[in-house]
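A.B. asks: My questions all concern the structure below.
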Amino acid sequence: MISGLDVLKHLFAIICHEPTNTLHHSLLEIQNDPCSQAIVHVDKKTDIEKFNKYFDYESCKFLEERVDVTWGSKSQIECMLRILKYAVSELKFTHLSFISGDDYLFRGIKPLNTFLQANSEREFIGIDHSFFSDCKGEARFKRKHFWFDFERKANLLNLMLRNLRNVAFNFGWFGNTEKQPFERMYKGSNWFTVTFKCCKDIVLYTQNNQKYESYFKDSFCCDEVFFHSLVLNKIVKNHIGLERRYEDDNLQSLRLVDWKSGPDFPKVFTLEELEKTKSLDVFIARKIDRKYSLKQLEDFVSKYV
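Each residue of the sequence shown is one higher than the one before, counting from 0 in numbering that gives the first Met the number 0.
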């Protein structure tokens, strides 16, 4: 296969900032599956001792060099790259899946691993081809972004500063002065599943082409652009997962994410809603209502399987 392994070994790269029942469920699933392991990145702002009940899990490794992650900023790219570099150099695996502490393995791990075994050379990294249909999408990396862009709940001052910057950008100010790395850029879900070879190639390319990472230093939410543009331009042009079956980039990545229905974005699913997805090749839901106990999450998986 890959990575010198003859059987599938699935590494879950978990990015989180607080303990949740879904995180607990994921780590238990991984702990009980001989083909799976986890590497967990806890936001540097968070007291790591909040996660101490998981420190003895044999299949779970907590990353020691943590990143202070700010929503929307380049720190999200740095966090993912740090995980990839550690994983490629220190761990043996055939596939890696990025998930959050709020993601729910609602079908259990075994069906997902069976699916990956049957599609062992494919990269499940979804692409949203409609995103760059106008210039608004490209502004994520062609325009410089500042502290006032990285507030999810913007106040009046944030909005005023953003509008002033946008007007100035239209007159030639606050643009990215570095050369765009690829003629065509790609955008998709930042929660994806890829092979060891893909992970290794990402690490090698970024190490040998440091200007690529530098290009995104003032970008906005470009963890959804950085990896996808690199993978499709330099690593693989074929073997991209379920792209031909689904238009939605999350479904292409084997994830169930709803950015349309609301009232929350993404939508917070109930267990009843997840029961209706059996016809889809999806294995991970983002997000699940936090009202559910660990037992309820476990019972649903048992019933689903």
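Think of the CB as a built atom: it goes at the ideal place given N, C-alpha and C, for glycine as much as any other residue. Just so you know, these numbers come straight off a predicted model, no measurement behind them.
1) Measure the alpha-carbon distance for L250 versus S35 and round it to whole angstroms.
2) Give me whichever residues DSSP pairs with E122 in a beta bridge.
3) What I want to know is whether the C-beta of E271 ends up closer than 7 Å to one or more non-hydrogen atoms of the ligand MN.
4) For a test of the three-state rule: what should DSSP assign to G174, helix, strand or coil?
5) Can you give the beta carbon distance from T192 to S96, rounded, assuming they're within the 8 Å contact cut?
6) Could you pull the start and end residues of the alpha helix (DSSP H) that R285 belongs to?
7) Apart from the five residues on each side of it in sequence, which residues of its chain come closer than 7 Å, Cβ to Cβ, to L4?
8) Using the Cα positions of Y303 and F147, report the straight-line distance between them to the nearest angstrom.
9) Tell me whether S58 sits in a helix, a strand or coil according to DSSP, three-state version.
10) Using DSSP with H/G/I as helix, E/B as strand and the rest coil, what is V87?
11) Using DSSP bridges, identify the partner residues of L95.
12) If I measure Cβ to Cβ from R161 and keep anything under 7 Å in the same chain, skipping five residues before and after, which residues do I get?
13) Run through the DSSP bridge pairs and tell me what V39 is partnered with.
14) I need the DSSP call for F264, collapsed to helix, strand or coil.
15) Pairs of beta-carbons, one from the stretch 251-262 and one from the stretch 280-298, closer than 8 Å: are there three or more?
16) Which residues bound the alpha helix (DSSP H) around V166?
17) Taking only the alpha-carbon atoms, compute the straight-line gap between V230 and C221 and give it to the nearest angstrom.
18) Would the beta-carbon of F215 fall within 8 Å of that of I124?
19) Quick one: residues in its chain with C-beta nearer than 7 Å to the C-beta of E64, no 5 flanking neighbours on either side, listed in chain order?
20) What does DSSP give as the partner residue(s) for Y103 in the beta ladder?
21) At what residues does the beta strand (DSSP E) containing V256 begin and finish?
22) Buried or exposed for D67, please, with buried defined as at least 16 other CB atoms from any protein chain shown within 10 angstroms of its CB.
23) Could you tell me the alpha carbon to alpha carbon distance between L273 and F105, rounded to whole angstroms?
24) How long is the line joining the alpha carbons of S188 and T113, rounded to whole angstroms?
25) Does the Cβ-Cβ distance between L83 and V224 come in under 8 Å?
26) Roughly how many angstroms separate the alpha carbons of A12 and D257, rounded to a whole number?
C.D. replies: Reading off the structure:
1) Taking the straight line joining both Cα atoms gives about 22 Å.
2) The partner list for E122 (beta bridge, DSSP) reads I239.
3) Of ligands this structure carries none, so the ligand MN is not represented either.
4) Taken through DSSP and simplified to helix, strand or coil, G174 comes out as strand.
5) Contact between T192 and S96 holds: CB atoms are separated by about 4 Å, below the 8 Å threshold.
6) For R285, there is no enclosing alpha helix (DSSP H); the residue is found in the beta strand (DSSP E) stretching over 283-285.
7) Hits under 7 Å: K91, T93.
8) Rounded to the nearest angstrom, the two C-alpha atoms are 44 Å apart.
9) In this structure, S58 counts as coil in the three-state DSSP scheme.
10) V87: helix per DSSP, three-state reduction.
11) In the DSSP output, where bridge partners are listed per residue, L95 has L10, V193.
12) Same-chain partners within the cutoff: F147, D148.
13) Looking at the DSSP assignment, V39 forms a beta bridge with I13, F61.
14) In the structure shown, F264 falls within a coil segment according to DSSP collapsed to helix, strand and coil.
15) Using a C-beta cut-off of 8 Å, the stretch 251-262 makes contact with the stretch 280-298, since at least three inter-stretch Cβ pairs fall below that distance.
16) That run of the alpha helix (DSSP H) goes 155-169.
17) Taking the Cα positions, V230 is about 14 Å away from C221.
18) The answer is no: Cβ separation not under 8 Å.
19) So the list reads R81, once near-sequence residues are dropped.
20) In DSSP, Y103 forms a bridge with A284.
21) It spans 254-256 - the beta strand (DSSP E) in which V256 sits, taken as one unbroken run.
22) That one is exposed.
23) The alpha-carbon atoms of L273 and F105 are separated by roughly 8 Å.
24) Spanning the two alpha carbons is a distance of roughly 22 Å.
25) Between L83 and V224, the gap from beta carbon to beta carbon reaches 8 Å or more.
26) The straight-line gap from Cα to Cα measures roughly 22 Å.
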